[in-house]
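Some notes on the structure that comes next.
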Amino acid sequence: MASGHPTRRRSRRRHADVDVLEKDDTELRLENALFGDEAGFLDSISAAKYNEGKELQTYGGDSEDDVVSDDDEDLAEVPDEDLFFLDAGTGAAPPTELDIDAKPVAESEQKRPRAVWYDSDDDRLTVSLASDTRLRKLRDTEADDVISGREYISRLRRQYERLHPRPEWLDYARKRRKTSHGAASDSESDISMDGDSDTPTTKPLAEILRSLTPLTRSSNTINGSRKRRKLRPEVIDIQRTKDVTPSGPSSIDTLQFHPHYPLLLAAGPSQTITLYHISPEPPHPNPILTSLHVRGMPVHTAAFNTPLSTTSNTDITDATQIYLSSRRRYFHTWSLSSGTITKITRPLTTIKHDQRTTEHFKLSPCRRYMGLVSSSRKAGGSINVLCTTTHQLLAQCRIDAQGGVSDFDWWRNGEGFAVVGKNGEVSEFSMSEKRTIARWHDEGAVGTTVLSIGGEDSRWIAIGSSSGIVNIYDRKASSFLKILQSSTSNTQGSADANTDSTQLTYRPTPTKTLSQLTTPISSLTFSPDGQLLVMASRWKKNALRLVHLPSCTVYRNWPTDKTALGRVASVALGGIEAGGGGGGQGREWLAVGNEQGAVRLWEVRG
């Protein structure tokens, strides 16, 4: 124990020998500003005890200015250095800069919905706009330099919207949604619309279609009818625009333009149906409006079903449906107004032996009938006609053709259709009489593949074969008139009701035989006004030709060797006569879908 005492004394001597420097005035003022002194601490405690409870007493009766004046009187005797303290923990920017920049941000943020996630670091961030050349475009004035993080985010958003403006239909849809939510904020319908759900809904799409109405109605009208632009033969003015989609997960097997709006329907084996808004102008060319994925159903055929004539634009939107089918015993309907998907199976149970698949169907131009190609080849095959309203079986057309049905197409008035078999025999079926009224044979038919009817009053009928030959017939020619007159006279002169005048098979002469393609014809599509015919084959690359009507001549200047078509899987034409494919600008479009999943778009100018 004794040995420890000298060590402690030596340690005390060393500490006593250390010289402590006296604090100068600057250090004392800084220490007083940071920590305060004993007198100021006691004064603050006494002032706090004096003001305790007074705030609650003066809240109800006195104004805010009165409360502030009382505090000023209480702190009148406190030294100035005790009224302020320096907090160096946040590292924030000077208050003057943040207060000035925060005011416009608060005004802009009030107009926007409340953010789901808030980052407090944005408030402490400062950005210099003048130091970086890429950020100078965000300045409001040349003297504008340091801004807060919140203001930086706001200006980035503003610059993006300048380069990529929001479409008008988005603001319209948000306004409609805000109005509906304000009227009934507690209703279940609003909750179900805003909530996540696996059930597809297209209510926003219906609003979009209504907002697009002023833009889609053609202004080129004379007494309610649209102007018709004549196309020149041999040379066509056609211009390629921005592709609807450069590629896809599967081939595009079906394409169709909406008859009233600038919409394009595309579908294929990828089990997805997509609606595009045809608007090739930048900054957002041909955007996707909506899409529907049907699991386990590779779509083979899809088509719009819209009213033929309506009195209001709302009726067109509410009644629009999309029919889609696959290699199944059933098909689906998609209502664009309600977004509901309906599976149709019951009417097909009565013909389940003849209709094992619904992959080949066509809707009549009058929108009342749906024709399905039968899968049975018994007695040559048949066409089953359903009502689009009740989906009940209305009629059945059986043909006597070896190999079954190749294809069929409706008359333009929807009161009948023509069906062709593999052997080239064509039957004309009337829906009013529910029977076959005429039969004739395609000249030189070898493995008929496709049939299409177009033009005013169903004037033109084109038939393609597996050899690449396309025959074009004029139904107003004397040979066809003779067929119809003969069938009518035989029906009227027959005493036996079972006598079938269609036993007489005629062989009319085609107006034109086209042999430009050498592989089986897979697509024959007429333009809505009947001036243009597109013939294509998916079995060879770039196998597509345009034909002018009524001259029946093939255009020689398009497509060229450099035209990127690929293997054409589907073709669609829309424009002035369709009432919406041209976007109300008197423009006509040609859309081509290929097996690579791309949809190319051209504008037909004349």
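So the sequence shown is numbered by the working numbering: it starts at 1 and just counts up by one. Where a beta carbon is used, it is the ideal one built from N, C-alpha and C, also for glycine. Every value quoted in this text rests on a predicted model; they were computed, and no experiment measured them.
When the beta-carbon positions are compared, serine 522 and threonine 448 stay at least 8 Å from each other. Distance from the CA of serine 154 to the CA of proline 280, rounded to the nearest whole angstrom, comes to 30 Å. For tyrosine 152, the three-state secondary structure derived from DSSP is helix.
By the criterion of a C-beta distance shorter than 8 Å, serine 247 is surrounded in its chain by Gln596, Gly597, Ala598, once the five residues flanking it on both sides are discounted. Counted as a single uninterrupted DSSP element, the beta strand (DSSP E) harbouring aspartate 407 occupies residues 405-410. Between phenylalanine 361 and threonine 301, the CB-CB gap stays under 8 Å. By the criterion of at least three beta-carbon pairs nearer than 8 Å, the segment 546-564 is not in contact with the segment 476-485. Between glycine 468 and serine 551, the C-beta spacing is not below 8 Å. When the Cα atoms are used, threonine 388 and tyrosine 118 turn out to be separated by approximately 52 Å. Excluding residues up to 5 positions away in sequence, Gln516, Met535, Val554 lie with their Cβ nearer than 6 Å to the Cβ of arginine 545 in the same chain.
For leucine 265, the beta-bridge partners assigned by DSSP are Gln256, Leu275.
Valine 446 is positioned such that its CB atom lies no closer than 8 Å to that of valine 405.
Here arginine 435 carries a strand assignment [DSSP, helix/strand/coil].
Residue state for threonine 241 is assigned as coil, using DSSP reduced to three classes. In this chain, the beta strand (DSSP E) harbouring leucine 289 covers 288-293. Inclusion of tryptophan 602 and isoleucine 238 in the CB contact set at 8 Å is warranted, their separation being smaller than that value.
Taking a 10 Å sphere around the C-beta of glutamine 402, we find fewer than 16 other C-beta atoms and assign the residue as exposed. The distance from the Cβ of aspartate 474 to that of threonine 511 is about 5 Å, consistent with a contact at the 8 Å cut-off. Residue range 25-35 is occupied by the alpha helix (DSSP H) that includes glutamate 27. If you look at arginine 545, you'll find it isn't in any alpha helix (DSSP H); it sits in the beta strand (DSSP E) that goes 544-548. Following the DSSP letters along the chain, one finds arginine 124 inside the alpha helix (DSSP H) bounded by residues 121-124. In the DSSP secondary-structure assignment, serine 335 is bridged to Gln321. Taking a cut-off of 8 Å on C-beta distances, the segment 363-373 does not touch the segment 332-347, as fewer than three cross pairs fall below it.
Remark: C-beta atoms of serine 452 and alanine 462 approach each other more closely than 8 Å.
Only buried fits histidine 277, as 16 or more other CB atoms lie within 10 angstroms of its CB. Aspartate 407 places its beta carbon less than 8 Å from that of valine 420.
For glutamate 359, same chain residues with a beta-carbon under 7 Å away, outside a window of 5 residues either side, are His300, Thr301, Ser325, Ser326, Arg327 in chain order.
Cβ contact annotation for serine 432 (same chain, cutoff 7 Å, sequence separation greater than five): Glu415, in chain order.
A Cβ-Cβ distance of about 18 Å is found for the pair asparagine 384 and isoleucine 437, leaving them out of contact under the 8 Å criterion. By the criterion of a C-beta distance shorter than 6 Å, leucine 524 is surrounded in its chain by Val450, Ser452, Ala462, Gly464, Met535, once the five residues flanking it on both sides are discounted. DSSP places glutamate 428 inside the beta strand (DSSP E), whose first and last residues are 425-430.
The criterion of a C-beta distance shorter than 8 Å is not satisfied by leucine 363 and tyrosine 330. When the five nearest sequence neighbours on each side are left out, the beta carbons in the same chain lying within less than 7 Å of the beta carbon of glycine 530 are those of Gly454, Gly455, Glu456, Arg459, Trp460, Leu549, in order along the chain. Taking C-alpha positions only, isoleucine 236 is separated from serine 527 by approximately 14 Å. Distances from the CA of valine 244 to each of Ala267, Glu234, Arg232 were compared; the closest alpha carbon is that of Ala267. Scanning its chain for C-beta atoms nearer than 8 Å, with the 5 sequence neighbours on each side dropped, one finds around glutamine 271 the residues His293, Val294, Arg295, Gly296, Met297, Pro298, Val299, in chain order.
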